[in-house]
Amino acid sequence: MRVETRGRARALQALYAWDLRDGEELTKVAVKVWDDLAVAPEERQFAAGIVRTIAAAHEELDAALTEVTTNWRLERLGAIERSVLRLGAGELRRGDAPPRVVIQEAVRLAERFGTAASARFVNGVLDAYARRTGAL
1025 MRVETRGRAR ALQALYAWDL RDGEELTKVA VKVWDDLAVA PEERQFAAGI
1075 VRTIAAAHEE LDAALTEVTT NWRLERLGAI ERSVLRLGAG ELRRGDAPPR
1125 VVIQEAVRLA ERFGTAASAR FVNGVLDAYA RRTGAL
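Everything in the sequence shown is counted per the numbering used here, starting at 1025 for the first residue and increasing by one.
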């Protein structure tokens, strides 16, 4: 498995933990999670870039995701789906990887940690988000 793929999974773990901890700073939660899991430095470095982007713009990212989740508020989604959407939106915002790769990786994570229905939902929302933001 590629470092980027593992790094995305590590970022997702941090986002999920952050989602469940009300009011804690995302970057601090991420460090705690990665320390507890003894995450390899190269995975941590990749994941940290995504986490920093989300930490700096999470309110803006959430607002943009809310606009494209027709009939769904982010608070009503499961923590996995919400975390995967934030991961995908944050990585699309960074622009370091091709948008189709980012979406595909997010879909795989949603399927791995959620369900097939989660994966389809994530695919549709991130595709709409990417189109709305001009990434696609």
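Each residue gets a CB set at the ideal place from its N, CA and C atoms; glycine is no exception.
Sequence-distant residues of its chain with Cβ nearer than 6 Å to residue i (five each side left out)
i: GLN1069; result: none
i: PHE1137; result: ILE1104
i: GLN1037; result: VAL1057
Boundaries of the alpha helix (DSSP H) in which residue i is found, first to last residue
i: THR1139; result: From DSSP, THR1139 is part of no alpha helix (DSSP H); its letter is neither H nor E.
i: PRO1065; result: 1065-1092
i: LEU1116; result: 1103-1118
i: ARG1045; result: Careful: ARG1045 lies outside any alpha helix (DSSP H) and carries neither H nor E.
i: ALA1054; result: 1050-1060
Residue burial classification, residue i (beta-carbon count within 10 angstroms, cutoff 16)
i: GLU1072; result: What sits at residue 1072 in the sequence shown is Ala, not Glu. By the 10 Å Cβ count, ALA1072 comes out buried.
i: THR1094; result: exposed
i: VAL1125; result: exposed
Separation of residue j from residue i, as counted between CA atoms
i: LEU977; j: ASP1060; result: Limits of the chain in this structure are 1025 at one end and 1160 at the other, which puts residue 977 out of reach.
i: LYS1056; j: ALA1081; result: 21 Å
i: PHE1145; j: ALA1054; result: 25 Å
i: TYR1153; j: ALA1088; result: 7 Å
i: ALA1033; j: LEU1133; result: 7 Å
i: GLU1135; j: VAL1108; result: 10 Å
i: THR1157; j: ARG1026; result: 27 Å
i: GLU1159; j: THR1139; result: One point to set straight first is that residue 1159 is Ala, not Glu, in the sequence displayed. Cα-Cα distance, rounded: 26 Å.
Sequence-distant residues of the same chain with beta carbon closer than 7 Å to residue i, five excluded per side
i: THR1051; result: VAL1075, ARG1076 and ALA1079
i: ALA1130; result: VAL1108, LEU1111, GLY1112, VAL1146 and LEU1150
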